[in-house]
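Heads up: the structure comes next, in C-alpha cells.
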Ligand code: NDP
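Numbering (our numbering), first residue to last: 4 to 398.
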C-alpha cells in the first residue's frame, strides 16, 4: 500500500493515472500533478466516473525544484512516476534525491536546445542515488521499457548469447487526421528528424535521417516498410546484453506522414533554435506543437493496432536460434478501457508495472537502473495481466 505521485497530465499521464487508480491493492493513494491543473482535474473526473475512485490533483512546475521538493515532502509518495517531458528529468531526479523518494520515467533526458538524447546525464546520478539509498528506474515505457525487458527475458531464458537485436515498432492505426504525432509532437519530431544510428561490431554507425528502410512482417498487422532510427534503449542494451554484435531500431511511417514531415522540415517548421517573429523570439517546433492535435485528443475514433517487438538472434547450446517477442495493442480497446490511444497506453501501462515493482520491493536496489538490469520475470507477468499480453515465436 503506497502513495504514488504522477507528474505530467498528457496522453501518457492520463493512462498512468487511470491504471494506478484501478490498482487499489498496490497504490493506496494517487496524485496527478502537472503544469496545467485543469488537465489533471479533467483526468481525475474521468477516473471517478469510469472507475469510481477519487484521485488527488495538484498544479506543479516540475522545473521549479524547490516547489517540487515542497510537494514531495508534503505528500510523501513512495515513488514519483515522471511522464512530463524529457526536459524535466534531471529536475525531478534532483527533487526526488532531496526529498528521499524513488524515481521512475519513460524517456531519457534531452537538453531543450540540442536535439540529442543520451543516458549520460542521468547515469551521472548513479553515485548520488546509491549514497541516498534510493532507486531510479529509467525508461519504463514500451520502447524504451518493455523492449528492454523483452531482451532481458531472451537473455535469461532463451539464448546463451544474443548476437543481433532488431527492435521493430509499428503503429498501423488510423486517427483520421492529415498529420498528427502519437506522443508529444516536439519530442517525437526531434527524434524522427535526427540522424539514424545503430551499433555494429563494437562501434556506432550513422545514417542520414530516414534513409535506410526494410520491409518487416508484423504480427497482427502484416508487412510494413520500416525505417532505421536511433532510439535510446540501444545505448543501454549495448552495455547490458552479453555477446551483442549488432543492434538496430526500426519504426514504420506512412507516405503521407513522411511527406508532411519533409515539407515542414523544408520550410523550417521543425527548427529547434529561436527565430525572430514580429519582435518576439519563437522556436518554430514549439509553435508547430501548438498547432498540431494534442496526442491525447486522437484517442476517440482511433482504429487499428500497434505491433512492437524484438527480433533476437543468437546461440543456445551451440546452435543458432532466432526468437521474436512482441505485443499487439488495439487502439479502440484501449479507448474503451481508459479513454486513450494505444501509444499512450503501451507507454503508461509499463510505467505503472515498473512503479509496482518498486513499491512492493519486487525490484529493489540503490542507484540508477535501466530496465534490462532488473529481473524480467515479475515485470512481464504483471504487464501482461495489466493489459499488455506478450508472445514469443521461434522464427
Ligand atoms: P504530452 O505532451 O501529451 O504530455 C506532457 C505533459 O507534461 C503535459 O501535460 C505537460 O503540461 C506536462 N509538463 C510539461 N512540462 C512540465 C513541467 N515543467 N512541469 C509539470 N508538467 C509539465 O506528452 P505525452 O504524454 O505524449 O508523453 C509523455 C512522456 O512520455 C514524454 O516524455 C515522452 O517522450 C514519453 N513517451 C515514452 C514512450 C516510451 O515508449 N518509452 C512512448 C511515448 C511517449 P502542459 O499540458 O501544461 O503543457
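Using N, Cα and C, we set each Cβ at its ideal position, and we do this for glycine too.
If distances are taken between C-alpha atoms only, which option among the options comes closest to residue i?
i, options, result
"residue 303", "178, 245 and 218", "178"
"residue 141", "361, 391, 380 and 388", "361"
"residue 216", "193, 286 and 172", "172"
"residue 162", "347, 280, 245 and 256", "245"
"residue 37", "25, 79, 95 and 223", "95"
"residue 159", "185, 379 and 79", "379"
"residue 359", "346, 222, 262 and 388", "388"
"residue 87", "14, 117 and 46", "14"
"residue 383", "366, 370, 372 and 371", "366"
"residue 307", "373, 338 and 205", "338"
"residue 344", "16, 228, 287 and 7", "16"
"residue 350", "368, 390, 325 and 319", "390"
"residue 143", "200, 289 and 386", "386"
"residue 145", "54, 312 and 99", "312"
"residue 251", "322, 369, 80 and 209", "209"
"residue 377", "138, 191 and 282", "138"
"residue 294", "183, 61, 131 and 85", "183"
"residue 242", "62, 373, 89 and 185", "373"
"residue 346", "187, 59 and 320", "187"
"residue 287", "41, 118 and 271", "271"
Would residue i be called buried (16 or more neighbouring beta carbons within 10 Å of its own) or exposed?
i, result
"residue 28", "exposed"
"residue 181", "exposed"
"residue 238", "buried"
"residue 364", "exposed"
"residue 285", "exposed"
"residue 46", "buried"
"residue 205", "exposed"
"residue 48", "exposed"
"residue 52", "exposed"
"residue 266", "exposed"
"residue 218", "exposed"
"residue 234", "buried"
"residue 375", "buried"
If you run the structure through DSSP and keep just helix, strand and coil, what is residue i?
i, result
"residue 381", "helix"
"residue 121", "coil"
"residue 256", "coil"
"residue 77", "helix"
"residue 139", "strand"
"residue 174", "strand"
"residue 62", "strand"
"residue 214", "coil"
"residue 250", "strand"
"residue 366", "coil"
"residue 233", "coil"
"residue 280", "strand"
"residue 144", "strand"
"residue 348", "helix"
"residue 342", "coil"
"residue 199", "strand"
"residue 336", "helix"
"residue 153", "helix"
"residue 164", "strand"
"residue 265", "helix"
By the DSSP assignment, the alpha helix (DSSP H) with residue i in it spans what residues?
i, result
"residue 292", "287 to 294"
"residue 205", "From DSSP, residue 205 is part of no alpha helix (DSSP H); its letter is neither H nor E."
"residue 326", "Unbroken run through residue 326 is the beta strand (DSSP E), 322 to 333; no alpha helix (DSSP H)."
"residue 129", "129 to 135"
"residue 188", "188 to 195"
"residue 22", "14 to 24"
Where do the N-terminal and C-terminal ends of the beta strand (DSSP E) with residue i fall, by residue?
i, result
"residue 44", "Not the beta strand (DSSP E): residue 44 falls in the alpha helix (DSSP H), residues 40 to 54."
"residue 372", "370 to 373"
"residue 272", "Element bounds for residue 272: n/a, residue is neither H nor E."
"residue 36", "30 to 37"
"residue 85", "82 to 85"
"residue 310", "308 to 319"
"residue 394", "393 to 397"
"residue 97", "Where residue 97 is concerned, there is no enclosing beta strand (DSSP E), although the alpha helix (DSSP H) it sits in stretches over 92 to 102."
"residue 10", "5 to 10"
"residue 107", "105 to 108"
With the cut-off set at 8 Å, would you say residue i and residue j are in Cβ contact?
i, j, result
"residue 24", "residue 72", "no"
"residue 106", "residue 83", "yes"
"residue 348", "residue 18", "yes"
"residue 194", "residue 249", "no"
"residue 225", "residue 331", "no"
"residue 43", "residue 157", "no"
"residue 67", "residue 355", "no"
"residue 97", "residue 125", "no"
"residue 6", "residue 122", "no"
"residue 80", "residue 8", "yes"
"residue 1", "residue 290", "It is not possible to answer for residue 1, since the shown part of the chain is limited to 4 through 398."
"residue 310", "residue 221", "yes"
Using a Cβ-Cβ distance cut-off of 8 Å, determine whether residue i contacts chain C.
i, result
"residue 389", "Absence of chain C from the displayed structure is noted, only one protein chain being present."
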